[in-house]
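Participant:
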């Protein structure tokens with residue numbers, strides 16, 4: 001679990017939304033994939049598709065790459081192509097503003113921040129807990145890496161899980 | 001009071017405890033009214049008497065039908081009957097009653113007055129339209145022509161006939177409806193205070209009312225600047241008088257020319273209605289008073305709605321940055337008050353924000369603080385918009401927990 005790579009992903013997402021890109025790619029890894037799927041579940045990004053160095057073919061009707069494309073399909077990972085795999089993310093915009101406003105790392109490669117359920121409860125309520133500021137704005141979320149995958153802070157509280165705090169999304 | 005009662009009780013009635021007064025706690029620590037009574041009403045809700053019931057709407061009696069037959073033709077009577085049959089008396093009773101459904105409007109309004117800025121213009125106040133106009137039939141045209149022939153002068157020319165055809169109207173009803181009909185391209189707008197029932201209310205006012213108004217305006221001195229402000233904003237002079245104006249920054253500025261230093265007065269004012277509108281205006285002039293009025297009028301012009309959560313605080317924590325001033329505004333629970341520095345305090349007062357905390361970091365320049373606070377207030381994100389952008393449902397939990405009684 002390389003937080004160095006995750007930090008560069010966060011910076012890249014910020015740059016991509018500022019440049020108003022519709023589709024962007026990040027290096028493939030299990031952590032990145034899970035985080036992106038969590039972001040997609042929260043509605044921050046529109047699609048997550050694993051592809052090669054070039055963008056995957058667009059869906060004939062939807063007009064953007066999709067993971068469940070029946071015509072083209074997603075290329076399976078093999079020993080030969082695993083190094084060249086990338087995650088292609090569809091970015092969302094609403095009323096001239098990007099939906100994913102700002103992605104910021106909470107844990108750093110040199111300092112990993114863990115929160116337990118009690119602390120997470122406080123964070124979700126908007127209070128500060130263990131160097132993590134509370135979620136105090138509408139639409140703000142915090143993503144944690146738990147033993148049940150990458151989850152949003154509120155989901156973690158619901159499932160009574162603690163974990164490593166990855167990033168904060170505004 | 002009877003004389004048989006002992007004197008002690010007579011005096012008791014003057015003492016404080018014996019008087020019937022509302023119970024108010026000695027010190028209130030927050031502005032929301034104290035809950036002194038039980039939440040549950042003691043009596044079940046009883047509908048006020050006099051509200052119509054479905055039984056009140058009876059079909060026409062034979063007597064009434066005979067009377068209607070005198071007024072209306074047979075075809076019209078059929079239409080009346082069909083109309084009566086179409087409406088369920090139950091619906092009629094419901095419509096006439098005060099609404100108690102979940103979609104009711106939670107304020108009392110008969111919607112007869114259109115407030116500029118709040119309501120959109122929906123209907124022309126005094127339009128040329130006539131909804132009861134009728135097209136003339138052949139008989140009417142024959143009559144018109146007959147009248148023309150009867151009134152024709154002896155030495156009639158072709159020009160007379162041309163004039164007759166030009167002036168000939170094709171419809172019965174208001175003349176302007178036919179000649180100058182209402183156009184959607186040029187809608188007639190309501191003036192402030194005008195209603196559908198009372199169009200052009202200013203023109204209809206009696207001289208005494210007008211004179212009174214003129215006098216009060218003279219006291220205020222109706223300047224050209226004020227006139228243009230009224231014209232541009234659509235507010236009345238009375239409304240502008242009620243706005244909360246405050247001059248927050250005042251200093252002099254200097255322009256260095258080859259002739260020397262030219263000093264002018266600078267003023268920064270804010271304007272708000274205490275209910276969600278706030279504007280910031282700057283003015284510069286040789287005269288300090290000029291600069292002040294200039295800045296105030298500009299502030300009124302710049303007034304914009306500020307999003308407020310529960311009409312008391314802001315949505316989320318926001319930041320603003322102008323120049324070296326960086327500040328953060330933080331939402332707070334009810335009863336917290338305005339724990340902010342005085343410039344932001346005045347802005348909150350004018351805008352009608354009651355619970356807020358703020359932190360101004362780096363520079364604390366007055367002018368830039370006001371501007372940064374305004375920027376921060378305007379940069380709030382509406383949760384509804386966030387929900388739509390993300391395509392996810394968002395629920396305000398406060399409204400769920402307290403059954404919407406917050």
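Protein chains in written order, with full-length UniProt numbering: chain A, 1 to 170; chain B, 1 to 406. Built from N, CA and C at the ideal position, the CB exists for glycine as well. Source: prediction; values computed, not measured.
Let me check understanding here. Comparing Cα to Cα, which of 301(B), 105(B) and 310(B) lies closest to residue 236(B)?
Facilitator: Along the second chain, one-based indexing puts residue 236(B) at 236. The option with the nearest alpha carbon to residue 236(B) is 301(B).
Participant: If contact is defined by three or more beta carbon pairs under 8 Å, each pair taking one atom from either stretch, is the segment 348-358 of chain B in contact with the segment 381-389 of chain B?
Facilitator: Touching, no, given that fewer than three Cβ pairs across the two stretches are closer than 8 Å.
Participant: For residue 167(A), which of 6(A), 1(A) and 2(A) has the nearest alpha-carbon?
Facilitator: Residue 167(A) sits at position 167 when you count from the first residue of the first chain. Among 6(A), 1(A) and 2(A), the Cα nearest to that of residue 167(A) belongs to 6(A).
Participant: Counting along the chain, where does the beta strand (DSSP E) carrying residue 105(A) start and finish?
Facilitator: Your numbering for residue 105(A) matches position 105 in the first chain. From DSSP, the beta strand (DSSP E) with residue 105(A) extends over 103-105.
Participant: Would you say the segment 330-337 of chain B touches the segment 258-269 of chain B, given that touching needs at least three Cβ pairs under 8 Å?
Facilitator: No, the segment 330-337 of chain B does not touch the segment 258-269 of chain B.
Participant: For residue 177(B), which residues from the same chain have a beta carbon less than 8 Å from its beta carbon, with the 5 sequence-adjacent residues on both sides left out?
Facilitator: As a working mapping, residue 177(B) is identified with position 177 in the second chain. The residues are 128, 129, 130, 133 and 171.
Participant: When you compare each of 90(B), 59(B), 70(B) and 95(B) to residue 82(B) by their alpha carbons, which one comes out closest?
Facilitator: The count along the second chain starts at 1 and reaches residue 82(B) at position 82. Out of 90(B), 59(B), 70(B) and 95(B), 59(B) has the C-alpha closest to the C-alpha of residue 82(B).
Participant: Examine chain B for any beta-carbon lying closer than 8 Å to the beta-carbon of residue 99(A), and answer yes or no.
Facilitator: Translated into the one-based positions of the first chain, residue 99(A) becomes position 99. Yes, residue 99(A) counts as interfacial toward chain B.
Participant: Short check: CB of residue 370(B) to CB of residue 249(B), under 8 Å?
Facilitator: On the second chain, residue 370(B) is found 370 positions in, with the first residue counted as 1. On the second chain, residue 249(B) is found 249 positions in, with the first residue counted as 1. Yes; because the gap between Cβ atoms is below 8 Å, this pair is in contact.
Participant: To the nearest whole angstrom, what separates the beta carbons of residue 273(B) and residue 243(B), a pair I think is in contact under 8 Å?
Facilitator: Position 273 of the second chain holds residue 273(B). Position 243 of the second chain holds residue 243(B). Right, the Cβ-Cβ distance comes to about 6 Å (below 8 Å), so this counts as a contact.
Participant: Closest to residue 317(B) by C-alpha separation, out of 310(B), 327(B), 311(B) and 323(B), would be which residue?
Facilitator: As a position in the second chain, residue 317(B) is number 317, starting the count at 1. Out of 310(B), 327(B), 311(B) and 323(B), 327(B) has the C-alpha closest to the C-alpha of residue 317(B).
Participant: Could you tell me whether any Cβ in chain B is nearer than 8 Å to the Cβ of residue 29(A)?
Facilitator: Here residue 29(A) is taken as the residue at index 29 of the first chain, counted from 1. Answer no: the Cβ-Cβ gap between residue 29(A) and chain B never drops below 8 Å.
Participant: For a contact defined as C-beta to C-beta under 9 Å, what are the partners of residue 42(A) on chain B?
Facilitator: For the purposes of this step, residue 42(A) is taken as the residue at position 42 of the first chain. Here the neighbours are 390 and 392.
Participant: Do residue 329(B) and residue 373(B) count as a contact pair if the criterion is CB distance below 8 Å?
Facilitator: In the second chain, the residue the question calls residue 373(B) occupies position 373. In the second chain, the residue the question calls residue 329(B) occupies position 329. Cβ distance < 8 Å, so residue 373(B) and residue 329(B) count as in contact.
Participant: List the DSSP bridge partners of residue 360(B).
Facilitator: Against the second chain, residue 360(B) aligns to sequence position 360. In DSSP, residue 360(B) forms a bridge with 327(B).
Participant: Within the continuous alpha helix (DSSP H) that includes residue 240(B), where are the two ends?
Facilitator: On the second chain, position 240 is the one that residue 240(B) refers to. Looking at the DSSP string, the run of the alpha helix (DSSP H) that includes residue 240(B) is 237-242.
Participant: Please look up how many angstroms separate the CB atoms of residue 142(A) and residue 113(A), rounded, as I've assumed it's under 8 Å.
Facilitator: Here residue 142(A) corresponds to residue number 142 of the first chain, with the count starting at 1. Here residue 113(A) corresponds to residue number 113 of the first chain, with the count starting at 1. Not quite, the Cβ-Cβ distance comes to about 10 Å (not below 8 Å), so this is no contact.
Participant: What does DSSP give as the partner residues of residue 264(B) in its beta bridges?
Facilitator: In the second chain, the residue the question calls residue 264(B) occupies position 264. Paired residue(s): 253(B).
Participant: I'd like to know if residue 88(A) contacts chain B, where contact means its C-beta is closer than 8 Å to some C-beta of that chain.
Facilitator: Taking the first chain and counting its residues from 1, the one referred to as residue 88(A) is at position 88. Cβ-Cβ to chain B under 8 Å: no for residue 88(A).
Participant: Do the segment 40-55 of chain A and the segment 63-81 of chain A touch if we need at least three Cβ pairs shorter than 8 Å?
Facilitator: Taking 8 Å as the limit for Cβ pairs, the verdict is that the segment 63-81 of chain A does touch the segment 40-55 of chain A.
Participant: Quick one: what does DSSP say residue 48(A) is sitting in, helix, strand or coil?
Facilitator: The residue you call residue 48(A) lines up with position 48 of the first chain. In this structure, residue 48(A) counts as strand in the three-state DSSP scheme.
Participant: With distances taken between CB atoms, is the gap from residue 32(A) to residue 4(A) smaller than 8 Å?
Facilitator: Numbered from 1 along the first chain, position 32 holds the residue referred to as residue 32(A). Numbered from 1 along the first chain, position 4 holds the residue referred to as residue 4(A). Against a cut-off of 8 Å, the Cβ pair of residue 4(A) and residue 32(A) comes out as no contact.
Participant: Does the segment 81-100 of chain A come within contact of the segment 117-132 of chain A, defined as at least 3 CB pairs closer than 8 Å?
Facilitator: Verdict: no, contact absent.
Participant: Does the Cβ-Cβ distance between residue 164(A) and residue 151(A) come in under 8 Å?
Facilitator: Residue numbering aside, residue 164(A) sits at position 164 when the first chain is read from its first letter. Residue numbering aside, residue 151(A) sits at position 151 when the first chain is read from its first letter. Not a contact, by the Cβ cut-off of 8 Å.
Participant: Given that residue 136(A) touches chain B, what residues does it touch there, using C-beta distances under 8 Å?
Facilitator: To locate residue 136(A), count along the first chain from 1; it is residue 136. Those are 316, 317, 330 and 331, listed as they occur along chain B.
Participant: Output, in sequence order along the chain, the residues in the segment 350-384 of chain B whose CB is closer than 8 Å to any CB in chain A.
Facilitator: Listed by position along the chain: 381, 382 and 383.
Participant: Strictly under 8 Å for the Cβ-Cβ distance: is residue 169(A) near chain B by that measure?
Facilitator: On the first chain, residue 169(A) is found 169 positions in, with the first residue counted as 1. No - not a single Cβ of chain B is within 8 Å of the one on residue 169(A).
Participant: Relative to the C-alpha of residue 20(A), which residue among 72(A), 118(A) and 89(A) is closest?
Facilitator: For this step, residue 20(A) is matched to residue 20 along the first chain. Checking every option, the nearest Cα to that of residue 20(A) belongs to 89(A).
Participant: Please list, in chain order, the chain B residues whose beta carbon lies closer than 7 Å to that of residue 73(A).
Facilitator: As a first step, residue 73(A) must be located in the first chain, where it is residue number 73. Near residue 73(A) there are no residues of chain B at all, since even the closest Cβ is about 26 Å away, more than 7 Å.
Participant: I believe residue 295(B) touches residue 278(B) by the beta-carbon criterion, under 8 Å. Please report the beta-carbon distance rounded to the nearest angstrom.
Facilitator: If you number the second chain from 1, residue 295(B) lands on position 295. If you number the second chain from 1, residue 278(B) lands on position 278. 14 Å between Cβ atoms; not a contact.
Participant: Just checking my contact of residue 340(B) with residue 368(B) at CB under 8 Å: how many whole Å lie between their CB atoms?
Facilitator: Numbered from its first residue, the second chain carries residue 340(B) at position 340. Numbered from its first residue, the second chain carries residue 368(B) at position 368. 16 Å between Cβ atoms; not a contact.
Participant: Cβ of residue 400(B) less than 8 Å from any chain A Cβ?
Facilitator: As a first step, residue 400(B) is located in the second chain; it is residue number 400 there, counting from the start. Not one chain A Cβ lies under 8 Å of residue 400(B).
Participant: Please report the straight-line C-alpha distance between residue 56(A) and residue 79(A), rounded to a whole angstrom.
Facilitator: Stepping through the first chain from its first residue, residue 56(A) is reached at position 56. Stepping through the first chain from its first residue, residue 79(A) is reached at position 79. Straight-line Cα distance between these residues: approximately 19 Å.
Participant: To the nearest angstrom, how far is it from the Cα of residue 283(B) to the Cα of residue 347(B)?
Facilitator: Residue numbering aside, residue 283(B) sits at position 283 when the second chain is read from its first letter. Residue numbering aside, residue 347(B) sits at position 347 when the second chain is read from its first letter. In a straight line, the C-alpha of residue 283(B) is about 18 Å away from that of residue 347(B).
Participant: Name the DSSP beta bridge partners of residue 147(A), please?
Facilitator: Taking the first chain and counting its residues from 1, one reaches residue 147(A) at position 147. Answer by DSSP bridge pairing, in chain order: 149(A).
Participant: Just to confirm the assignment: which complete alpha helix (DSSP H) runs, minimum length 4, are found wholly within the segment 337-406 of chain B?
Facilitator: The qualifying runs are 342-351, 366-378, 383-390 and 397-401.
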